[in-house]
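First comes the structure, then the notes that go with it.
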Amino acid sequence: MDEPRWLNETEMAAWRGFVAATNLVARRLERQLKDDAGLSHTQYEILVQLSAAPAGSLRMTDLADRLVTSKSGLTYQVTQLEKAGLVARRSCPSDVRGVFAELTEQGWQALRAAAPGHVAAVREALIDVLTPEQLAALADTLGTVADRLRAADA
1 MDEPRWLNET EMAAWRGFVA ATNLVARRLE RQLKDDAGLS HTQYEILVQL
51 SAAPAGSLRM TDLADRLVTS KSGLTYQVTQ LEKAGLVARR SCPSDVRGVF
101 AELTEQGWQA LRAAAPGHVA AVREALIDVL TPEQLAALAD TLGTVADRLR
151 AADA
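Sequence positions in the sequence shown follow full-length UniProt numbering and run 1 to 154.
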């Protein structure tokens with residue numbers, strides 16, 4: 001059995017900083033969205049993804065892929081949004097197993113109302129804390145990690 005490749009001091013500092021920052025940013029954004037819009041961060045991201053899709057509609061499998069979440073977790077969140085009147089589900093005409101989630105007019109309104117406070121919280125928690133150079137490095141670094149993990153899952 002091979003000896004584990006333990007993290008050196010610099011690697012451990014990067015890992016601990018990543019874990020702490022992601023948890024703190026996620027907690028801040030979750031609280032802001034709950035307090036200001038009555039939405040979880042996941043629910044907000046569902047609305048964002050649907051708003052960016054043609055006709056505000058995506059197959060549930062495509063939506064789960066975009067959100068990097070399980071289909072069962074997505075189904076629960078979409079059900080909550082559907083109960084609130086923010087999202088509707090409809091069958092896929094070409095595939096009896098396929099289901100689309102689509103943004104309702106009420107969902108568009110909720111997203112438009114929530115977005116300014118959310119972007120302000122994102123800026124306060126992350127964007128405005130970093131220099132332009134740090135932001136570019138962060139985007140590049142996290143993009144590399146995401147690309148590698150997506151490729152490994154494919």
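Glycine residues also receive a C-beta, built at the ideal position from the N, C-alpha and C atoms.
| Asked | Found |
| --- | --- |
| Taking H118 as the reference, give the member of L58, R27, D2, A20 with the closest Cα. | R27 |
| Please list, in chain order, all residues of the same chain as G56 whose beta carbon is under 6 Å from its beta carbon, the five residues on each side excluded. | L50, E102, L103 |
| Candidates R148, R16, A113: which alpha carbon is nearest L39's? | A113 |
| Which stretch, first to last residue, makes up the beta strand (DSSP E) that contains A88? | 87-92 |
| Taking Cβ positions, are L126 and L47 nearer each other than 8 Å? | no |
| Is the CB-CB distance between S91 and V99 below 8 Å? | yes |
| Spatial neighbours of Q32 within its chain, please: CB distance less than 7 Å, with the 5 preceding and 5 following residues excluded, ordered by chain position. | G117, H118, A121 |
| I'd like the span of the alpha helix (DSSP H) that includes L67, first residue to last. | 60-67 |
| Which class does R5 belong to by DSSP, given the choice of helix, strand or coil? | coil |
| For H41 versus L58, is the C-beta distance shorter than 8 Å? | no |
| Rounded to whole angstroms, what is the Cα-Cα separation between A53 and R150? | 21 Å |
| Give every residue of the same chain whose Cβ lies closer than 7 Å to the Cβ of L130, excluding the five residues on either side of it in the sequence, and list them in chain order. | L138 |
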